[in-house]
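**Student:** Numbering (this note's numbering), first residue to last: 1063 to 1330.
Beta carbons are placed, not taken as given, at the ideal position from N, Cα and C, and that holds for glycine.
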């Protein structure tokens, strides 16, 4: 996959050229800052993937979860994000830029957590949210109580890269990027775009599985109801067998005593 970053149109909020790639399962919330892979402009990156599926036993063996309170498919990261958002609303009166929540008593959105106050809706600074996040991360069980997911897919990756493109490929990419446009900044002398800037404007990524197999990690109960009933039945059977044997032995002893008594009487 070849991507045109169009860096000449960037607003330069970041310090470099590239993008963040996140590999995840369907219906799974991801946090690019935590889960993503940074792909640099002017490079060809090979990403080898390996899939691991984890299935955990639910109640009564563990406290794993399948769904959130809002009905969405549960994931640990999403639970943490909802916990952070709730704490920011409660103590800092602001939310992250990726979340929009409403006041309970008026039809307006909370402001974003910023370095400076933003009117009435964000009168606590970004420091409040940062301190709150650090406090939550020190004891997530206390503040959030997010259990593990009963079923999840984890993609582990290994990455290799090289500088790309070479001069010939760069010329082809430059031509293809401009052929469908009436105006192309790459060819405009007023932009004074250098060869290096054109190279960092493109990146290439190759995604493939390391092998066609996947690893399955599955919890199974060591002692389940079937085994319990089997053991109880065996114990009960053993007890009953021993009890019957004891009764037979007791009857045999009584008969032998009776026989001995009768013989003693006749001898007299």
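Counting Cβ pairs, one atom from each stretch, are 3 or more of them under 8 Å apart for the segment 1189 to 1199 and the segment 1141 to 1156?
**Tutor:** As far as the Cβ criterion goes, the segment 1189 to 1199 touches the segment 1141 to 1156, which means the pair count is three or higher.
**Student:** Where residue 1209 and residue 1105 are concerned, what is the direct C-alpha to C-alpha distance, given to the nearest angstrom?
**Tutor:** Numbered from 1 along the chain shown, position 147 holds the residue referred to as residue 1209. Numbered from 1 along the chain shown, position 43 holds the residue referred to as residue 1105. Residue 1209 and residue 1105: Cα-Cα distance of roughly 39 Å.
**Student:** Please report the distance separating the alpha-carbon of residue 1069 from that of residue 1082.
**Tutor:** Within the chain shown, the letter at position 7 stands for residue 1069. Within the chain shown, the letter at position 20 stands for residue 1082. Cα to Cα, the separation comes out at about 15 Å.
**Student:** Please name the residue in 1215, 1313, 1258, 1120 whose C-alpha comes closest to that of residue 1038.
**Tutor:** A question about residue 1038 goes unanswered here, because the residues of the chain that appear run from 1063 up to 1330.
**Student:** At the level of alpha carbons, what is the spacing between residue 1169 and residue 1156?
**Tutor:** On the chain shown, position 107 is the one that residue 1169 refers to. On the chain shown, position 94 is the one that residue 1156 refers to. Any answer about residue 1169 is weak, because its pLDDT of 34 lies below 50 and its placement is not dependable; what the coordinates show is given next. One C-alpha to the other measures close to 15 Å.
**Student:** Considering only the beta carbon of each residue, do residue 1137 and residue 1085 sit closer than 8 Å?
**Tutor:** Along the chain shown, one-based indexing puts residue 1137 at 75. Along the chain shown, one-based indexing puts residue 1085 at 23. No, they are not a contact pair.
**Student:** Rounding to the nearest angstrom, what Cα-Cα distance links residue 1236 and residue 1072 in this structure?
**Tutor:** Along the chain shown, one-based indexing puts residue 1236 at 174. Along the chain shown, one-based indexing puts residue 1072 at 10. Rounded to whole angstroms, residue 1236 to residue 1072 spans 18 Å at the Cα level.
**Student:** Leaving out five residues on either side along the sequence, give the residues of the same chain with a beta carbon under 6 Å from the beta carbon of residue 1331.
**Tutor:** Because residue 1331 is not part of the residues shown, which for the chain are 1063 to 1330, the question remains open.
**Student:** Just the C-alpha distance for residue 1149 and residue 1095, rounded to the nearest angstrom, thanks.
**Tutor:** Within the chain shown, numbered from 1, the residue matching residue 1149 stands at position 87. Within the chain shown, numbered from 1, the residue matching residue 1095 stands at position 33. Answer to the nearest angstrom: the Cα atoms are 20 Å apart.
**Student:** Any beta carbon of chain D sitting closer than 8 Å to that of residue 1298?
**Tutor:** Considering every chain present, this structure includes no chain D. It has just one protein chain.
**Student:** Can you have a look at residue 1263 and say buried or exposed, based on whether 16 or more other CB atoms are within 10 angstroms of its CB?
**Tutor:** Stepping through the chain shown from its first residue, residue 1263 is reached at position 201. Its Cβ being crowded by 16 or more others within 10 Å, residue 1263 is buried.
**Student:** Measure the C-alpha to C-alpha separation of residue 1179 and residue 1205 and round it to an integer number of angstroms.
**Tutor:** Position 117 of the chain shown, counted from the start, is the residue given in the question as residue 1179. Position 143 of the chain shown, counted from the start, is the residue given in the question as residue 1205. Residue placement at residue 1179 is poorly supported in this model, since its pLDDT is 47, which falls under 50; the coordinates still yield a value, given next. Between residue 1179 and residue 1205, the C-alpha separation is close to 26 Å.
**Student:** Please list the terminal residues of the continuous beta strand (DSSP E) segment that includes residue 1277.
**Tutor:** Counting from one through the chain shown, the residue named residue 1277 turns up at place 215. Unbroken beta strand (DSSP E) run through residue 1277: 1277 to 1280.
**Student:** Mark residue 1194 as exposed unless 16 or more other C-beta atoms lie within 10 angstroms of its C-beta, in which case mark it buried.
**Tutor:** Translated into the one-based positions of the chain shown, residue 1194 becomes position 132. Buried, because 16 or more other Cβ atoms sit within 10 Å of the Cβ of residue 1194.
**Student:** Compare the C-alpha of residue 1099 against each of 1260, 1192, 1267, 1121 and name the closest.
**Tutor:** Locating residue 1099 in the chain shown gives position 37, where the first residue counts as 1. Checking every option, the nearest Cα to that of residue 1099 belongs to 1267.
**Student:** Cα separation between residue 1212 and residue 1093?
**Tutor:** Walking along the chain shown from the start, residue 1212 turns up at place 150. Walking along the chain shown from the start, residue 1093 turns up at place 31. Approximately 20 Å, taken between the alpha carbons.
**Student:** Taking all protein chains shown into account, do 16 or more other C-beta atoms lie within 10 angstroms of the C-beta of residue 1079, making it buried, or fewer, making it exposed?
**Tutor:** Within the chain shown, numbered from 1, the residue matching residue 1079 stands at position 17. That one is buried.
**Student:** Please go through the same chain and pick out, in chain order, the residues whose beta-carbon is closer than 6 Å to the beta-carbon of residue 1288, but skip the five residues on each side of it.
**Tutor:** Residue numbering aside, residue 1288 sits at position 226 when the chain shown is read from its first letter. So no residue of the chain qualifies.
**Student:** Measure the C-alpha to C-alpha separation of residue 1261 and residue 1283 and round it to an integer number of angstroms.
**Tutor:** Working through the chain shown from its first residue, we reach residue 1261 at position 199. Working through the chain shown from its first residue, we reach residue 1283 at position 221. When rounded, the distance between both Cα atoms is 56 Å.
**Student:** Pick helix, strand or coil for residue 1098, following the three-state DSSP scheme.
**Tutor:** By 1-based counting over the chain shown, the position of residue 1098 is 36. Here residue 1098 sits in coil by DSSP.
**Student:** Are residue 1115 and residue 1218 closer than 8 Å when you measure CB to CB?
**Tutor:** Sequence index remark: in the chain shown, residue 1115 carries index 53 (1-based). Sequence index remark: in the chain shown, residue 1218 carries index 156 (1-based). No; because the gap between Cβ atoms is not below 8 Å, this pair is not in contact.
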